[in-house]
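Q: Take the sequence shown: its letters are residues 486 to 775, numbered as in the numbering used here.
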Amino acid sequence: MSQLGPVAVLGATGQVGSAVVRGLSRRGLPVHAIARTVGPDRSATRNHVVPDWNESDLATAFDGCASAFVMVPLTEGAEALGQRVHAALERAAVQRVVRLSVLGGVIDDGLALGRLHGALDRDLMSRGCRPAILRPDSFMQNLLGSAASIAQGQLVNATGEGRMALIDAEDIGECAAALLAGDAAWPDHPMDLTGPELLSHDDIAVRIGRWLKRPVAYEDLSPLALRGLLLEFGLPAFLAEIFSELAAWTRRADRAEQMSDAVPTLLGRPGRRLETFLDAHAASFSEPSP
Numbered sequence: 486m487s488q489l490g491p492v493a494v495l496g497a498t499g500q501v502g503s504a505v506v507r508g509l510s511r512r513g514l515p516v517h518a519i520a521r522t523v524g525p526d527r528s529a530t531r532n533h534v535v536p537d538w539n540e541s542d543l544a545t546a547f548d549g550c551a552s553a554f555v556m557v558p559l560t561e562g563a564e565a566l567g568q569r570v571h572a573a574l575e576r577a578a579v580q581r582v583v584r585l586s587v588l589g590g591v592i593d594d595g596l597a598l599g600r601l602h603g604a605l606d607r608d609l610m611s612r613g614c615r616p617a618i619l620r621p622d623s624f625m626q627n628l629l630g631s632a633a634s635i636a637q638g639q640l641v642n643a644t645g646e647g648r649m650a651l652i653d654a655e656d657i658g659e660c661a662a663a664l665l666a667g668d669a670a671w672p673d674h675p676m677d678l679t680g681p682e683l684l685s686h687d688d689i690a691v692r693i694g695r696w697l698k699r700p701v702a703y704e705d706l707s708p709l710a711l712r713g714l715l716l717e718f719g720l721p722a723f724l725a726e727i728f729s730e731l732a733a734w735t736r737r738a739d740r741a742e743q744m745s746d747a748v749p750t751l752l753g754r755p756g757r758r759l760e761t762f763l764d765a766h767a768a769s770f771s772e773p774s775p
């Protein structure tokens, strides 16, 4: 491995960030784990708590790192937050940066989430580092938010017959770690990351039911009804709008055009299938108590 110095991981307690930390630690690389709250202590991991992700404190946390993984949480003001992150990377002279973005089709079709990530991709590329931009499809981990209803035999969304190439966040983290460790060739263009197969939510319900050995039905709402349901659950309005817009896009978009071989290329193995994810999270989908 040619990597010198520790690797900074921003968002180290999140689904993807924690997977990046695990992937780097397995490779024996020292990690500077940066998050808003204290994360789990790991050998070869130095924790930096930066509650408000201001440029000065982030630059201090990035200092001494030749490479970094960065992501931006979906919050109001996320674009300005991402720009502060990138400015801190530049200030700390971090040379190689892996950035977590969103599937290229979401950017190309001008969705709100795509506009945000497209702007941040361009901002990072305009700075003095070498960015590797990873653009994943929807995470399998999103199903954990529906675990209670799935356990009761129902999966609810608003994607119609539209299909997605769901990807396990563990695979995304492994891809980032492989790049940062020098185990995979550094890309010269953004990379779409997809799971190994295209599935509609109806397909997903059938597969989960087969895995649970009891039926799970898919209830298809309209995107507008999904937005209302998310608001009832207490989701902020801007997030409810983003998720309902993504559902409407999935209803009409041909995700087959987004299928990619990047995961097996970077990892030397196929991406994890849905059943592998379910096995890893079996306790979350267990039958509810009577």
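In this text, a Cβ means the ideal position worked out from N, Cα and C, and glycines have one as well. Since the model is a prediction, treat every value here as computed from it, not as a measurement.
Locate the beta strand (DSSP E) running through HIS778, then write down its first and last residues.
A: Only positions 486 to 775 of the chain appear in this structure, which leaves residue 778 out of reach.
Q: For LEU715, does the three-state DSSP call read helix, strand or coil?
A: DSSP places LEU715 in helix when its eight states are reduced to three.
Q: When the Cα of ALA578 is compared with those of PRO681, VAL535, GLY613 and ASP608, which residue comes out closest?
A: The shortest Cα separation from ALA578 among PRO681, VAL535, GLY613 and ASP608 belongs to GLY613.
Q: Considering only DSSP beta bridges, list what PHE624 is partnered with.
A: ILE652, per the DSSP bridge assignment.
Q: Does the segment 633 to 648 touch the segment 604 to 613, meaning 3 or more C-beta pairs lie closer than 8 angstroms?
A: At 8 angstroms Cβ cutoff, the stretches do not touch.
Q: Give the straight-line distance between the Cα atoms of ALA662 and GLU575, rounded to the nearest whole angstrom.
A: Each residue's Cα considered, the two are about 21 angstroms apart.
Q: Among residues of its own chain, excluding the 5 on either side of PHE728, which ones have a beta-carbon nearer than 8 angstroms to its beta-carbon?
A: So the list reads LEU711, ARG712, LEU715 and LEU720, once near-sequence residues are dropped.
Q: Suppose only complete runs of 4+ residues qualify. What are the alpha helix (DSSP H) ranges in the segment 533 to 621, listed by chain order?
A: Runs of the alpha helix (DSSP H) inside the segment 533 to 621: 540 to 547, 563 to 576, 589 to 593 and 597 to 610.
Q: Are THR735 and MET649 closer than 9 angstroms when you measure CB to CB?
A: Yes, the Cβ-Cβ distance between THR735 and MET649 is below 9 angstroms.
Q: Less than 8 angstroms separating the Cβ of ARG648 from some heavy atom of the ligand NAD?
A: As presented, the structure is devoid of all ligands, the ligand NAD included, so that no description of it is given.
Q: Return the CA-CA distance between GLY630 and SER769, expressed in angstroms with no decimal places.
A: Cα-Cα distance, rounded: 10 angstroms.
Q: Just checking, does the segment 671 to 687 make contact with the segment 615 to 624 on the three C-beta pairs under 8 angstroms criterion?
A: Verdict: yes, contact present.
Q: Alpha carbon to alpha carbon, how far is ASN627 from LEU763?
A: Answer to the nearest angstrom: the Cα atoms are 12 angstroms apart.
Q: Excluding the 5 residues preceding and the 5 following LEU697 in the sequence, name in chain order all residues of the same chain whose CB lies nearer than 7 angstroms to its CB.
A: Only PHE770 meet the Cβ criterion.
Q: Take GLY658 as the anchor and find which of ALA604, ARG757, PRO491 and LEU640 has the nearest alpha-carbon.
A: Comparing Cα-Cα distances from GLY658 to each of ALA604, ARG757, PRO491 and LEU640, the minimum goes to ARG757.
Q: For the putative contact between VAL570 and ALA563, defined by C-beta atoms under 8 angstroms, what is the C-beta separation to the nearest angstrom?
A: VAL570 to ALA563, Cβ: 10 angstroms. No contact.
Q: Below 9 angstroms between beta carbons: does that hold for LEU601 and GLY496?
A: Taking 9 angstroms as the Cβ cut-off, LEU601 and GLY496 do not qualify as a contacting pair.
Q: Identify, in the order they occur along the chain, each residue of the same chain with its Cβ nearer than 6 angstroms to the Cβ of GLY603, setting aside the five sequence neighbours on each side.
A: Cβ neighbours of GLY603 beyond the five flanking positions: ILE592.
Q: In this structure, what does DSSP give as the bridge partners for MET676?
A: BP columns for MET676 point to LEU619.
Q: What does the alpha-carbon distance come out to for the pair LEU514 and PRO536?
A: Answer to the nearest angstrom: the Cα atoms are 25 angstroms apart.
Q: Which of the three DSSP states is assigned to ALA493 in this structure?
A: Three-state result, ALA493: strand.
Q: Suppose you measure from the CA of SER528 to the CA of GLY508; what does that come to, to the nearest Å?
A: Note that SER528 scores 47 on pLDDT, short of 50, meaning its location in the model is unreliable; the coordinates nonetheless yield the value given after this. Between SER528 and GLY508, the C-alpha separation is close to 13 angstroms.
Q: State the start and end residues of the unbroken alpha helix (DSSP H) segment that holds VAL506.
A: VAL506 -> alpha helix (DSSP H) spans 500 to 511.
Q: Could you pull the DSSP bridge partners for LEU684 from this structure?
A: LEU684 is bridged to MET649.
Q: Using C-beta distances below 8 angstroms, list every residue in its chain close to ARG512, excluding the 5 sequence neighbours before and after it, in chain order.
A: MET486, ALA662, ALA666 and ASP668, listed in sequence order.
Q: Could you tell me which residues DSSP pairs with ILE810 in its beta bridges?
A: Here the chain covers residues 486 to 775 and nothing more, so residue 810 does not appear.
Q: In terms of alpha-carbon separation, which member of ARG531, ILE635 and LEU683 lies closest to HIS766?
A: The option with the nearest alpha carbon to HIS766 is ILE635.
Q: By DSSP's criteria, LEU629 is part of a beta bridge. Which residues make up the other side?
A: DSSP lists no partner for LEU629.
Q: If you drop the 5 nearest sequence neighbours on each side, which residues of the same chain put their C-beta closer than 6 angstroms to that of ARG692?
A: Excluding residues within five positions, the ones whose Cβ falls inside 6 angstroms are LEU759.
Q: Round the Cβ separation of ASP656 and VAL748 to the nearest angstrom and send it over; I've been treating them as touching at under 8 angstroms.
A: The Cβ separation is near 6 angstroms, so the contact holds.
Q: The alpha helix (DSSP H) that contains ALA702, what's its start and end?
A: No alpha helix (DSSP H) holds ALA702; the beta strand (DSSP E) holding it covers 702 to 705.
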